[in-house]
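Undergrad: Protein chains in written order, with this note's numbering: chain A, 1 to 345; chain B, 1001 to 1324.
Here a beta-carbon is modelled for each residue, glycine too, at the ideal position from N, C-alpha and C.
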Amino acid sequence: MIDTLKKAWILVPVISSLLFIVLLLVIFGADPVEAFASLWSGAFGTQDKFLSTTAFWVPLLLASIGLLITFAAGLWNIGVEGQIVMGAIAASGVALNVSASRPVMLILEVLAAMAAGAVWAMISGVLKTRGKVNEIFSGLALTNLAIILTNYLISGPWQPPEGGTFRGTQPFVEEALFPLFANSRFSPLSLLLAGIALAIVAYVLKNTFWGLKLKALGKNPYSAFLLGVSSEKETVLAMAFGGALAGLGGGVRVLSWFDSLRQSISGGIGYLALLVVMLAAYRVFLVPFIAYFFSSVLTGSISLQLKTQLHSSLGGILTGVMVLLVLLFGDRSRIFAKKEQKDNG
Amino acid sequence: MDSGELIAVFASILLQAAPLMIAVVGETLTERAGVINLSLDGTMLLTAMTGFIAAYETGNVWIGFLAAMVAGAFFALIVAFGTIKLKQNQVAIGLVLTVLGDDLSSFLGQNYTRLPGPSLGRFSVPLLSDIPVIGPLLFNQNVVFYIAVGLTIIVWWFLGKTQPGLKLRSVGERPEAAFARGVNVNLIRYAYTMIGGALVGFAGASYSLAIKIGWSEGHTRGLGWIALAIVIFGGWAPIRGAFGAILFGATKTLATVLQREYPEVSVVAFNAIPWVLMIGVLLLVGSEWVENMILKLPKSFQRPVRKLLRVSPPMALGEDFVKK
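1. Can you list the residues of chain A that I1084 (chain B) reaches, using a CB-CB cut of under 8 Å?
2. Are the beta-carbon atoms belonging to I249 (chain A) and G79 (chain A) less than 9 Å from one another?
3. Listing by chain order, which chain A residues have their CB less than 7 Å from the CB of M1278 (chain B)?
4. Anything in chain A within Cβ reach of F1087 (chain B), meaning under 8 Å, just list it in chain order.
5. Taking 9 Å as the CB-CB cut-off, is N1037 (chain B) touching chain A?
6. Check Q170 (chain A) in the structure and name its three-state DSSP category.
7. Flag this pair as touching only if the segment 1306-1323 of chain B and the segment 1267-1278 of chain B have three or more C-beta atom pairs under 8 Å; answer yes or no.
8. Which residues does DSSP list as the beta-bridge partners of R262 (chain A)?
9. In angstroms with no decimal places, state the Cα-to-Cα distance between S1312 (chain B) and E1173 (chain B).
10. Is the beta carbon of F1052 (chain B) less than 9 Å from the beta carbon of G1214 (chain B)?
11. Taking C-beta pairs closer than 9 Å, name the residues in chain B that W40 (chain A) reaches, listed in chain order.
12. CA-CA distance, Q1016 (chain B) and V229 (chain A)?
13. Mind the definition here: the segment 1193-1208 of chain B touches the segment 1059-1070 of chain B only if three or more C-beta pairs lie below 8 Å; say whether that holds.
14. Within 10 angstroms of the Cβ of P288 (chain A), are there 16 or more other Cβ atoms? Answer buried if so, exposed if not.
15. Can you find a CB in chain B that lies within less than 9 Å of the CB of I65 (chain A)?
16. Please state if the CB of V1061 (chain B) and the CB of L1120 (chain B) are separated by a distance shorter than 9 Å.
17. Flag this pair as touching only if the segment 1093-1103 of chain B and the segment 1038-1054 of chain B have three or more C-beta atom pairs under 8 Å; answer yes or no.
18. Could one say the Cβ of S264 (chain A) lies closer than 9 Å to chain B's Cβ atoms, at least one of them?
19. Could you tell me which chain B residues have their CB closer than 8 Å to the CB of I317 (chain A), listed as they occur along the chain?
20. Relative to the alpha-carbon of S1105 (chain B), which residue among B:S1208, B:V1231, B:A1242 and B:K1085 has its alpha-carbon at the smallest distance?
21. Whose C-alpha, out of A:L191, A:L212, A:T308 and A:F329, is nearest the C-alpha of L60 (chain A)?
22. Got a sec, what are the start and stop residues for the beta strand (DSSP E) S1105 (chain B) sits in?
23. Are the CB atoms of L255 (chain A) and L153 (chain A) within a distance shorter than 9 Å?
24. Looking at the structure shown, is N1140 (chain B) part of a helix, part of a strand, or coil, going by DSSP?
25. Only counting the same chain, and skipping five residues up and downstream in sequence, which positions put a Cβ closer than 8 Å to that of F1010 (chain B)?
26. Taking only beta-carbon positions, decide if F1248 (chain B) is within less than 9 Å of chain A.
27. Report the neighbours of Y222 (chain A) on chain B: residues whose CB is nearer than 8 Å to its CB, in chain order.
28. In chain order, what residues of the same chain lie with their CB nearer than 7 Å to the CB of L5 (chain A), ignoring the 5 residues before and after it?
29. Quick check on R1114 (chain B): does DSSP put it in helix, strand or coil?
30. Looking only at its own chain, which residues have a Cβ that is under 6 Å from the Cβ of I10 (chain A), when we skip the five neighbours before and after it?
31. Would you list, in chain order, the members of the segment 298-327 of chain A that have their beta-carbon closer than 7 Å to a beta-carbon of chain B?
32. With H, G and I counted as helix, E and B as strand and the rest as coil, what does DSSP make of R283 (chain A)?
33. Under 9 Å, Cβ to Cβ, is there at least one residue of chain A near E1288 (chain B)?
34. Grouping DSSP H, G and I as helix and E and B as strand, with all else coil, what is F1123 (chain B)?
35. Using 9 Å as the limit for Cβ to Cβ distance, is G1234 (chain B) near chain A?
36. Is the distance from the Cβ of I317 (chain A) to the Cβ of F20 (chain A) below 9 Å?
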């Protein structure tokens, strides 16, 4: 009985974060019950909404899966947002400049997106191992540069024929886009790719020597070095692996969520993915569920804004507060450690 | 460009640098005590919003600054509590607060966007402002600039020349030794994390109340990260950090000037300057490439050049202190 209660402790920070949102809603004069109801219906109310939530989930899931690898290697891959953007840019480059049959187009776009994300991440890796630049800073700078590159492309070389508007490129041809499910933004093919990626990452981390090396590096770089693990090689490879999946996520954004390269092509999915993996405490099997929960909160909060005029950042606050409280108070033993030691001794 | 215009350009560089100088001084204090408060970008957004709303509602800018400092200290308290008391990862807590501060500022400030509000103005120092060149450059500035320079000098003096400053440094360098000499390591870390956070809060509010007056979503986005990079470039020293802040303040003005000179180059290209500079300065202070270049210099130059360019962090930066 007491053990079950101890396991249920995790609900305390989770429920506290919901109470925090209720408090915010009350302060802003909104009815919390009504707000949560429209959050729910915004995410799952109709088939369209449900498919929208699912479509938002796929790139988030891809970026999160990639982060599992970089986190295992002890890397703070904050630049994942920029890797998503680069993937989107590369996929768009293929979509705008190549014409071929649909399967060829899609393969080229996916490969280009993964390569671009990987390269952007590897720059951070090399800057870390050779340049002693912390990956947090290089990642942030590279993210901003990727966003600036997007803005340059859509206002310059890739502007639509009727003139640049800073909003996006012209829509891609049908052959360049992922086949979509029932006029939604959800592409089952992209989910299949994410599923394969998840299986590969779970296998790599659990059953391969490379996965073991990454974990050794992440846990204790010095002993890993003594064991003959090359921190440079594994760092750059882990970054490339994570970046490739983030880049694929960016490709999915332009080829199914949108149909063109847009100004805020990622819109914070990378940062959200970091929160997903932190909340999952780096456990592979939790990642898809938390990512789905987060994408339903964010999709729902957009409908909430349309209905109640409450700013859609409410969804971000809910996810942020939840991760913060779970990080701080989720580990029961840490909080009560001293007291229980005293009680037992 | 005549000399008057040139002075105006440099004066605007110094003004742009002022809030960065304040944030850098605050974070320098925190990190010299051994704690990394990575939440600066979120803290600055939150405090820029808080400061503006408090000043707007009361009509008094100083109440705005005060409210922003309280908000900044509160975020810093979360970092300190989570890392010192609960032994959680400093980077993880800082990052979550970065994202959360951004969203909170958008939500809480949603009814106050693009409103005219009170602001802090320019102040001409009598007599001194009449000195040619130096007068208009240094003594006919926004009040925020004087505060930034004053804080930088005070913190430089405090860290280097006073007993409490020495105590603070000892906590960040060798906490065990400090503890053995009777210093309450964790109390000092709490105190300077919160003081640092309050200063970052002041910096956030100086954007919405003096530099880019008013509030809108994402008002200071990115500047917190730049301040964090400047702390490293500054080698965790206030005066050098201030020069770093001026360097980055210059990129904003430089972009405006270059834009005027080369209208054919896309606007967006100039936005890239600070981010390229960020990677550049971090490479300068840390990379092995620069070290190899230094080794190629004549022997007698190596030491001074290394001292000029290279930095090393406080030895216990980011490490928990556990009483044994």
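TA: Taking the geometry as given:
1. Chain A residues near I1084 (chain B): none, gap ~12 Å exceeds 8 Å.
2. According to the sequence as given, residue 249 (chain A) is Gly; it is not Ile. It is not a contact, given that the beta carbons lie outside the stated cut-off.
3. Under the 7 Å cutoff, chain A gives F137 and A141.
4. This sequence places Lys at residue 1087 (chain B); Phe is not what is there. Here the neighbours are R334.
5. no
6. Correct three-state label for Q170 (chain A): coil.
7. no
8. A:G168
9. 11 Å
10. yes
11. Within 9 Å Cβ-Cβ: nothing; W40 (chain A) doesn't reach chain B, min ~19 Å.
12. 46 Å
13. yes
14. Classification of P288 (chain A): buried, given that the 10 Å Cβ count is 16 or more.
15. no
16. yes
17. yes
18. no
19. L1100, D1103, L1104 and F1107
20. If we check each option's Cα against that of S1105 (chain B), B:S1208 comes out closest.
21. Comparing Cα-Cα distances from L60 (chain A) to each of A:L191, A:L212, A:T308 and A:F329, the minimum goes to A:L191.
22. Where S1105 (chain B) is concerned, there is no enclosing beta strand (DSSP E), although the alpha helix (DSSP H) it sits in stretches over Q1090 to L1108.
23. no
24. strand
25. Cβ neighbours of F1010 (chain B) beyond the five flanking positions: L1137.
26. no
27. Those do not exist, as Y222 (chain A) stays about 15 Å from chain B at its closest Cβ, beyond 8 Å.
28. none
29. Note: R1114 (chain B) maps to coil in three-state DSSP.
30. Excluding sequence neighbours, I10 (chain A) sits near G330.
31. H311, S313, L314, G316, I317, G320, V321, V323, L324 and L327
32. Of the three classes helix, strand and coil, the one that applies to R283 (chain A) here is coil, per DSSP.
33. Proximity of E1288 (chain B) to chain A, defined by a Cβ-Cβ separation below 9 Å, is satisfied.
34. strand
35. Chain A, which has no Cβ nearer than 9 Å to the Cβ of G1234 (chain B), makes this no.
36. In this structure, I317 (chain A) sits near F20 (chain A), with a CB-CB distance shorter than 9 Å.
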